[in-house]
Amino acid sequence: MTETSDLPMTEDALCAFCDALPGATRSQPFGPGIEVWKIGGKIFALMAPGSGRISVKCADPEFAAMLIETGRAQKAPYLPRGGWISVGFGAQDTDEMAHRLRESHATVRASLPRRVREGLD
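First residue of the sequence shown? That's 3 in my numbering, and the numbers climb one at a time after it.
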């Protein structure tokens, strides 16, 4: 995928990007209509197709709060703690959205037990 900083990421490109992250798996554990990406069995991204938004985890909960306070993100529904935010991927440029997805993936990966992380390599 070519990253162009001034263009928004499309839903298809976002799905492909998440699918391509190392160790990522996609499922619908909450039923049809909610796409969930996991690494090592833990969620790093959720999206309702057609919503234009995706929920991701920030490494720093204070940074997540700042993004929410400045209007660049919203509180992630059903995930009120731990730095989870909901971002409109049509309003984020591709580079920013890719950064948010990579950060969420890396943050969740780092929280996995060592034996699980080693099994992902």
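Yeah, the Cβ is synthetic: ideal placement off N, Cα and C, and Gly gets one too.
Cβ-Cβ distance between residue i and residue j below 8 Å
i: Asp-95; j: Leu-9; result: yes
i: Ala-18; j: His-107; result: no
i: Trp-39; j: Ala-47; result: yes
i: Gly-90; j: Arg-55; result: yes
i: Pro-57; j: Leu-81; result: First, the residue type needs correcting, since residue 57 is Ser and not Pro in the sequence shown. Going by C-beta atoms, Ser-57 is nearer than 8 Å to Leu-81.
Supposed close pair residue i, residue j - CB separation, criterion 8 Å
i: Glu-105; j: Ala-61; result: 6 Å
i: Ile-70; j: Ile-87; result: 6 Å
i: Lys-59; j: Gly-85; result: 5 Å
Residue i, enclosing alpha helix (DSSP H) - first and last residue
i: Ser-113; result: 96 to 113
i: Leu-16; result: 13 to 22
i: Phe-65; result: 63 to 71
i: Gly-54; result: Note, Gly-54: premise wrong, no alpha helix (DSSP H); not H, not E.
Local Cβ density within 10 Å of residue i, reported as buried at 16 or more and exposed below that
i: Met-68; result: exposed
i: Arg-28; result: exposed
i: Ala-78; result: buried
i: Ala-112; result: exposed
i: Glu-37; result: buried
i: Met-3; result: Only weak support is given to the placement of Met-3: the predicted model assigns it a pLDDT of 44, under 50, and the value that follows is read from those uncertain coordinates. With fewer than 16 other Cβ atoms within 10 Å, it is exposed.
Rounded separation between residue i and residue j - CA only
i: Gly-92; j: Gly-73; result: 14 Å
i: Asp-14; j: Cys-20; result: 10 Å
i: Glu-98; j: Arg-117; result: 31 Å
i: Thr-12; j: Gly-121; result: 31 Å
i: Glu-5; j: Leu-103; result: Low confidence applies here, because Glu-5 scores a pLDDT of 46, under 50, leaving its location unreliable and the question unanswered by this model.
i: Phe-32; j: Glu-64; result: 28 Å
Limits of the unbroken beta strand (DSSP E) element including residue i
i: Arg-28; result: 26 to 29
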